[in-house]
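Colleague: Here's a structure for you.
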Amino acid sequence: SQQGEEDPQALSIQEGENATMNCSYKTSINNLQWYRQNSGRGLVHLILIRSNEREKHSGRLRVTLDTSKKSSSLLITASRAADTASYFCAPNTGNQFYFGTGTSLTVIP
Amino acid sequence: AAGVIQSPRHLIKEKRETATLKCYPIPRHDTVYWYQQGPGQDPQFLISFYEKMQSDKGSIPDRFSAQQFSDYHSELNMSSLELGDSALYFCASSSRDVWGPLHFGNGTRLTVT
Numbered sequence: 001s002q003q004g005e006e007d008p009q010a011l012s013i014q015e016g017e018n019a020t021m022n023c024s025y026k027t028s029i030n031n032l033q034w035y036r037q038n039s040g041r042g043l044v045h046l047i048l049i050r051s052n053e054r055e056k057h058s059g060r061l062r063v064t065l066d067t068s069k070k071s072s073s074l075l076i077t078a079s080r081a082a083d084t085a086s087y088f089c090a091p092n093t094g095n096q097f098y099f100g101t102g103t104s105l106t107v108i109p
Numbered sequence: 001a002a003g004v005i006q007s008p009r010h011l012i013k014e015k016r017e018t019a020t021l022k023c024y025p026i027p028r029h030d031t032v033y034w035y036q037q038g039p040g041q042d043p044q045f046l047i048s049f050y051e052k053m054q055s056d057k058g059s060i061p062d063r064f065s066a067q068q069f070s071d072y073h074s075e076l077n078m079s080s081l082e083l084g085d086s087a088l089y090f091c092a093s094s095s096r097d098v099w100g101p102l103h104f105g106n107g108t109r110l111t112v113t
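First to last, the sequence lines map onto chains A and B. Its first residue numbered 1, the first sequence is counted upward by one per residue in the working numbering. Its first residue numbered 1, the second sequence is counted upward by one per residue in the working numbering.
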């Protein structure tokens with residue numbers, strides 16, 4: 001399967017805490033992308049990390065990629081209630097984007 | 001900036017009817033993807049198109065068909081609708097040149113009664 005598998009399936013934290021989500025995949029990739037989805041809305045692209053990169057930052061987001069372990073993690077620092085959403089990883093092998101079940105993040109004010 | 005436009009936003013159909021969903025990608029994007037997301041489910045890849053040709057096929061039922069037109073908009077045609085087809089249907093577009101991010105529309109919520 002080319003889809004990513006996110007872990008944990010659900011995560012509940014207090015506002016201000018950090019949230020870490022993990023993604024594992026099975027195939028070689030060109031890049032790996034993380035998306036966020038608010039309930040009933042379309043997915044929104046958060047960050048893309050290329051296969052030759054190990055770490056990338058964007059605002060409060062930090063993504064790591066370990067191609068030897070076929071895994072990635074997404075860290076959201078200083079979480080806010082507005083970060084409550086589902087987060088999906090998408091390992092990209094060219095023109096294919098398959099999403100896993102996602103991590104449902106709840107940030108409690 | 002222009003985003004992906006999907007129409008209609010909501011659609012209610014009865015069993016065995018047909019439905020057509022439309023997607024207008026971001027200008028200059030050459031690739032369109034269709035996803036189905038049932039309640040509490042992850043987005044399931046249905047089908048994709050690149051330069052008006054089918055690129056990849058996922059879990060699209062035989063009752064469904066899709067195409068991409070010369071202006072790059074795409075339509076998903078669904079026939080013999082079943083209750084289980086009730087879902088959010090998302091279209092996304094991207095530019096293949098950069099294997100970049102997918103840009104999603106806000107979806108069409110299809111309810112089959």
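Don't be surprised by glycine CBs; every beta carbon is placed ideally from N, CA and C.
1) Within the 8 Å Cβ cut-off, does L48(A) reach chain B?
2) Is the stretch 31-50 of chain A touching the stretch 19-33 of chain B, taking contact as three or more C-beta pairs under 8 Å?
3) If we ignore side chains and look at the alpha-carbon of each, how far apart do I3(A) and Y98(A) end up?
4) Could you compute how far the alpha carbon of L74(A) sits from the alpha carbon of P8(A)?
5) Give me the subset of the stretch 54-83 of chain A whose CB atoms are less than 8 Å from a CB atom of chain B, sorted by chain position.
6) Which parts of the stretch 27-85 of chain B are runs of the beta strand (DSSP E), unbroken and 3 residues or longer, counting only runs that do not cross its ends?
7) Between which residues of its own chain and G38(B) is the CB-CB distance below 7 Å, once the five residues before and five after are set aside?
8) For the beta strand (DSSP E) that V4(B) lies in, which residues bound it at each end?
9) For A19(A), does the three-state DSSP call read helix, strand or coil?
10) Which of helix, strand or coil does DSSP assign to R96(B)?
11) So which of H45(A), I29(A), I13(A), T27(A) has the shortest CA-CA distance to P101(B)?
12) Find the residues of chain A that neighbour T31(B), judging by a C-beta separation of less than 7 Å, and give them in chain order.
13) Nearest to G125(A) by alpha carbon, out of Q96(A), L48(A), S86(A), P109(A)?
14) Closer than 7 Å by beta-carbon distance: list the chain B residues that pair up with Y87(A), in chain order.
15) Counting pairs of Cβ atoms below 8 Å between the stretch 12-20 of chain A and the stretch 51-64 of chain B, do you hit three or more?
16) Look at L46(B) and T108(B) and say whether their C-beta atoms are less than 8 Å apart.
17) Using a Cβ-Cβ cut-off of 6 Å (strictly less than) and excluding sequence neighbours within five positions of L48(A), which residues of its own chain qualify?
18) Looking at chain A, which residues of the stretch 98-110 of chain B have a Cβ within less than 9 Å of any of its Cβ atoms?
19) So what does DSSP say about A87(B), is it helix, strand or coil?
20) Spatial neighbours of I13(A) within its chain, please: C-beta separation below 8 Å, excluding the five flanking residues on both sides.
Modeller: If we stick to the structure as given:
1) Yes, contact with chain B.
2) Short answer: they don't touch.
3) It is worth fixing the name first, because residue 3(A) is Gln in this sequence and not Ile. CA-to-CA, the gap between Q3(A) and Y98(A) works out to about 5 Å.
4) One C-alpha to the other measures close to 12 Å.
5) So the list is empty, because no residue satisfies the distance condition.
6) Counting only runs of 3+ residues, the beta strand (DSSP E) found wholly inside the stretch 27-85 of chain B occupies 31-37, 44-50, 53-57, 64-68, 74-78, in chain order.
7) Excluding positions up to five away in sequence, the list reads A87.
8) Unbroken run through V4(B): none, as it is neither H nor E.
9) A19(A) falls in the strand class under three-state DSSP.
10) Here R96(B) sits in helix by DSSP.
11) P101(B) has its Cα closest to that of H45(A), out of H45(A), I29(A), I13(A), T27(A).
12) In chain order: N95.
13) This structure cannot settle anything about residue 125(A), because the visible part of chain A is limited to 1 through 109.
14) Using a Cβ-Cβ cut-off of 7 Å, Y87(A) is close to nothing in chain B; its nearest Cβ partner there is about 11 Å away.
15) Note that the stretch 12-20 of chain A does not touch the stretch 51-64 of chain B; fewer than 3 beta-carbon pairs, one per stretch, sit closer than 8 Å.
16) Going by beta carbons, L46(B) and T108(B) fall outside the 8 Å limit.
17) Exclusion of the five residues before and after L48(A) leaves N31, Q33 as the residues of its chain whose Cβ lies within less than 6 Å of its Cβ.
18) Taking 9 Å as the Cβ-Cβ cut-off against chain A, the residues of the stretch 98-110 of chain B that qualify are W99, G100, P101, L102, H103, F104, G105, N106, G107, R109.
19) In the structure shown, A87(B) adopts extended strand secondary structure according to DSSP, grouped into three states.
20) Excluding sequence neighbours, I13(A) sits near A19, S79, L105, T106, V107, I108.
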